[in-house]
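Participant: Numbering (numbering that gives the first Met the number 0), first residue to last: 0 to 636.
Before I ask anything, here is the structure I am working with.
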Amino acid sequence: MTLTLDPVGSATSPVTAPTYVAPTAPAAGSSRNSEVNAWVQRMAELTGAADVHWCTGDSAEWTRLTAQLVESGSLVRLDPEWRPNSFLARSDPRDVARVEERTFICSEREEDAGPTNNWRAPAEMRIQLDTLFRGSMRGRTMFVVPFSMGPIGSPLAKLGVQVTDSPYAVLSMGIMTRMGTQALDQIGPDTEWVPAVHSVGYPLIDDAGVVRDDVRWPCNDTKYITHFPETREIWSFGSGYGGNSLLGKKCMALRIASVLARDEGWLAEHMLLVKVTSPAGRSRVLAAAFPSACGKTNFAMMQPSLPGWKVETIGDDIAWMRPDAQGRLRAINPERGFFGVAPGTGETTNPTAIDTIWGNTIFTNVALRDDDDVWWEGMTDVAPRHLRDWKGDDWHRGDSSHAAHPNGRFTVPAEQCPSMAPEWDDPEGVVVDAILFGGRRATNIPLVAEATDWAHGVFMGATISSERTAAAEGTLGELRHDPFAMLPFCGYNMADYWAHWLRVGRSLAHPPKIFQVNWFRRGADGSFLWPGFGENSRVVDWIVRRLDGRALATWTPAGHIPWREDFALEGTGVDEDIWEELTAIDTASWLAECDLTEQLFDRFGRRVPHELRAQLASLRWKLERSAETTTADSAAA
Ligand code: OXD
Ligand code: MN
């Protein structure tokens, strides 16, 4: 077949088959665990892979794989002076994000998946998967990718083995996890491990034995991201992108780990982790849950505007937290890298991220400059005059289309981040002092509020929400709940998960304090009231002083909010009126929101823990009482 190719071909046009050429010396051998070996064998037979390569995770493997992908056209090597050892991948335009509607929890009973997950009966799904995976790797190498979520040997870490026919997934797992021989060595004959099967679903040989060329980004229109919580298995078919294919991340470290955590008495959370140090030199650790696209990476790498404060990164996306012998909550970041959203990451918004991605980075679906470096919206104020966009097409400054896909990513080792706290890979983890729950709320939710106790904090987490555009204009109708920012990531019934949080709280002698935060409140004219970014350090300052018992607060039905005179506002441009708007608790709209919370709870019926129903009742009662008091006060006046 003759084809004219642009520099990297188009996603679906044939390229030189990138079938992996195994090194001549034997790669790291099979596992000490006979179940791993038998499973790998079974997967090779099922998928019909041409050969099997056990990944070592070493630099020679990286060099070989990247060179082969560059040669085949699947990766573009960036200019080594600008961006050493870095590459650009362009996906098929039909494969650009996680596919929540194709994500399934296959528990034996539907009610164990709950109303917020897609459910399929395991037996039915297994038949489906068997059909899809049979022969799905014909003509390709099946890579065996052993990985550790968490520092090697950490008592909080968990092990998994992914098989995949995507060398891009291998390279990305090598950045995002402790991957290869060091992880394989951890899997002894009796060690628990999670099997994770991944195929892009683009065999190079069909049932009749007819061979076809490979394409730059193989994938399949049929996609299934499936989880079997009882047998702790992951099967992902049809996509090469992000959370669909790097199975250690959302699939293992959240969906399957949340089930392990429920059964073992710990918490697997969609949370960043930071160490904050006050001007007096006292350090505290904060964990914070925000829904996707609320600036988690920016918060995790914050450059505080408040003099003397230091924020150091421990993790930007996932935290595993376990009660320790002293009754405190101890956390690790189970990941080893960042899979960050590129657009919006720039010198002014997140200079630390920009410093982090100096090299050794895989970029996906961002634009390519004429001098072979990358660019995306928000990286610099002014776009280069000419680019190749994320699809590889010509793009000129002023064009109305995005140069980078809005979900374009960088995948980079965490150790390159200049703000990493030295404890970030401590196998023992770090003690968590406070937990923050944040949504993207134009209305109602104050800048910061402290929960009165753990159950109130769990209520705050369960009711995290964001508004759609209509709500940004002031209506509440379009509120979307994202409990604990775990809506697409909880591997079991969300109401049982709330009950689990309450249980873990009861097991802690020294529970972290819980706070709700909201950087996104808007004024009557629609503009943001709070400057955000580095100024969020002022909220951190108040939170930390509350932990130390040194900050004043005002009681409201929504929790304790800062006393204005005791909140570091100077220099923010936030005056008294803006502060009032930022922290206002409007009774009528809070009561309206209580109705929405009730609707949320009703979706789960009797499984909702009575403590959360009690929290809702008490909130309504406090709001009604405070409305009566205010009316009585004004009548008296
Ligand atoms: C992510 C997400 O990619 O939350 O981290 O979607
Ligand atoms: Mn995330």
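C-beta atoms are modelled at their ideal positions from N, C-alpha and C, and glycine is treated no differently.
Verify the contact flag: Arg545, CB atom, against every heavy atom of the ligand OXD, threshold strictly below 7 Å.
Facilitator: No, the Cβ of Arg545 stays beyond 7 Å of every heavy atom of the ligand OXD.
Participant: Helix, strand or coil for Thr15 per DSSP?
Facilitator: Summary for Thr15: the model assigns pLDDT 49, below 50, so the residue's position carries little reliability; its value from the coordinates is reported in the next sentence. DSSP places Thr15 in coil when its eight states are reduced to three.
Participant: Just to confirm my understanding: we take Asn535, look at its own chain, exclude 5 residues before and 5 after, and list those with CB closer than 7 Å. What are they?
Facilitator: Here the set comprises Phe298, Met301 and Trp518.
Participant: Just how far apart, CA to CA, sit Glu311 and Thr442?
Facilitator: Straight-line Cα distance between these residues: approximately 30 Å.
Participant: Tell me whether the stretch 233 to 253 and the stretch 195 to 206 touch, counting them as touching only if at least three CB pairs, one residue from each stretch, are closer than 8 Å.
Facilitator: Touching, yes, given that three or more Cβ pairs across the two stretches are closer than 8 Å.
Participant: Can you say whether Gly460 is buried or exposed, counting buried as having 16 or more other CB atoms within 10 angstroms of its CB?
Facilitator: Flag for Gly460 reads buried.
Participant: Thinking C-alpha only, which one of Thr628, Leu386, Asn332 and Arg408 is nearest Thr363?
Facilitator: If we check each option's Cα against that of Thr363, Arg408 comes out closest.
Participant: Quick one: any contact between the stretch 477 to 493 and the stretch 248 to 258, if contact means 3 or more CB pairs under 8 Å?
Facilitator: Enough Cβ pairs lie closer than 8 Å, so yes.
Participant: Where the beta carbon is closer than 6 Å to any heavy atom of the ligand MN, which residues qualify, in chain order?
Facilitator: Taken from the N-terminal end onward, the list reads His269, Ser291 and Asp316.
Participant: Looking at Arg97 and the ligand OXD, is the gap between the Cβ and the nearest heavy atom below 7 Å?
Facilitator: Because some heavy atom of the ligand OXD lies under 7 Å away, the Cβ of Arg97 counts as near it: yes.
Participant: Please state the DSSP three-state secondary structure of Met251.
Facilitator: Here Met251 sits in helix by DSSP.
Participant: Alpha carbon to alpha carbon, what distance is there between Met42 and Tyr240?
Facilitator: Each residue's Cα considered, the two are about 21 Å apart.
Participant: Say yes only if the C-beta of Gly241 is nearer than 7 Å to one or more non-hydrogen atoms of the ligand COA, and no if none qualify.
Facilitator: Summarising the ligand content, the structure contains the ligand OXD and the ligand MN and does not contain the ligand COA.
Participant: Note down, in chain order, each residue of its chain lying with its Cβ closer than 6 Å to the Cβ of Gly200, except the 5 sequence neighbours on either side.
Facilitator: These residues qualify, in order along the chain: Ser135, Asn219, Phe236 and Gly237.
Participant: Output the distance between the C-alpha atoms of Arg563 and Thr571, rounded to the nearest integer angstrom.
Facilitator: Roughly 13 Å between the two C-alpha positions.
Participant: Quick check on DSSP: helix, strand or coil for Ala43?
Facilitator: DSSP places Ala43 in helix when its eight states are reduced to three.
Participant: State yes or no: is the C-beta of Val538 within less than 8 Å of the C-beta of Val516?
Facilitator: Their beta carbons are under 8 Å apart, which means Val538 touches Val516 by this criterion.
Participant: Identify the continuous alpha helix (DSSP H) that holds Val457 and give its terminal residues.
Facilitator: Its alpha helix (DSSP H) spans residues Trp453 to Ala461.
Participant: Is the stretch 380 to 400 touching the stretch 105 to 122 in the sense that three or more CB pairs, one from each, lie closer than 8 Å?
Facilitator: They do not touch, by the three-pair rule.
Participant: Rounded C-beta distance between Ala552 and Ile560? I'm assuming under 8 Å.
Facilitator: Rounded, the Cβ-Cβ distance is 6 Å, consistent with contact.
Participant: Could you compute how far the alpha carbon of Val447 sits from the alpha carbon of Leu272?
Facilitator: Distance between the alpha carbons of Val447 and Leu272: 18 Å.
Participant: Is Phe483 near the ligand OXD, judged by its Cβ being under 7 Å from some heavy atom?
Facilitator: Flag unset: Cβ of Phe483 not near the ligand OXD.
Participant: Measure the alpha-carbon distance for Arg281 versus Arg335 and round it to whole angstroms.
Facilitator: For Arg281 and Arg335, the distance between alpha carbons rounds to 26 Å.
Participant: Rank Phe338, Ala267, Ala366 and Trp375 by C-alpha distance to the C-alpha of Asn359 and give the top, closest one.
Facilitator: Checking every option, the nearest Cα to that of Asn359 belongs to Phe338.
Participant: Identify the continuous beta strand (DSSP E) that holds Met655 and give its terminal residues.
Facilitator: Because the chain in this structure spans residues 0 to 636, residue 655 falls outside the shown range and cannot be described.
Participant: Please report the residue range of the beta strand (DSSP E) in which Phe86 lies.
Facilitator: It spans Phe86 to Ala88 - the beta strand (DSSP E) in which Phe86 sits, taken as one unbroken run.
Participant: Figure out for me which residue from Val98, Cys593 and Met175 has the closest Cα to the Cα of Gln614.
Facilitator: Selected option, being the one with the closest Cα: Cys593.
Participant: Grab the span of the alpha helix (DSSP H) containing Ser588 for me, first residue to last.
Facilitator: Looking at the DSSP string, the run of the alpha helix (DSSP H) that includes Ser588 is Thr586 to Asp601.
Participant: Have a look at the DSSP bridge pairing and note the partners of Glu623.
Facilitator: Paired residues: none, contrary to the question.
Participant: Determine the direct distance from the alpha carbon of Ile513 to that of Ala550, and round the result to whole angstroms.
Facilitator: Answer to the nearest angstrom: the Cα atoms are 15 Å apart.
Participant: What would DSSP say about Val258, mapped onto helix, strand or coil?
Facilitator: Helix at Val258.
Participant: From this set, Phe566, Trp589, Tyr223 and Leu546, which residue's C-alpha is nearest Thr555's C-alpha?
Facilitator: Measuring from the Cα of Thr555, the nearest candidate turns out to be Trp589.
Participant: What number of angstroms, rounded off, separates the C-alpha of His401 from the C-alpha of Asp565?
Facilitator: Between His401 and Asp565, the C-alpha separation is close to 44 Å.
Participant: Is Phe458 near the ligand OXD, in the sense that its beta carbon is under 7 Å from a heavy atom of that ligand?
Facilitator: Checking every heavy atom of the ligand OXD against the Cβ of Phe458, none is found closer than 7 Å.
Participant: Measuring only the C-alpha atoms, how far is Glu422 from Ser464?
Facilitator: Spanning the two alpha carbons is a distance of roughly 32 Å.
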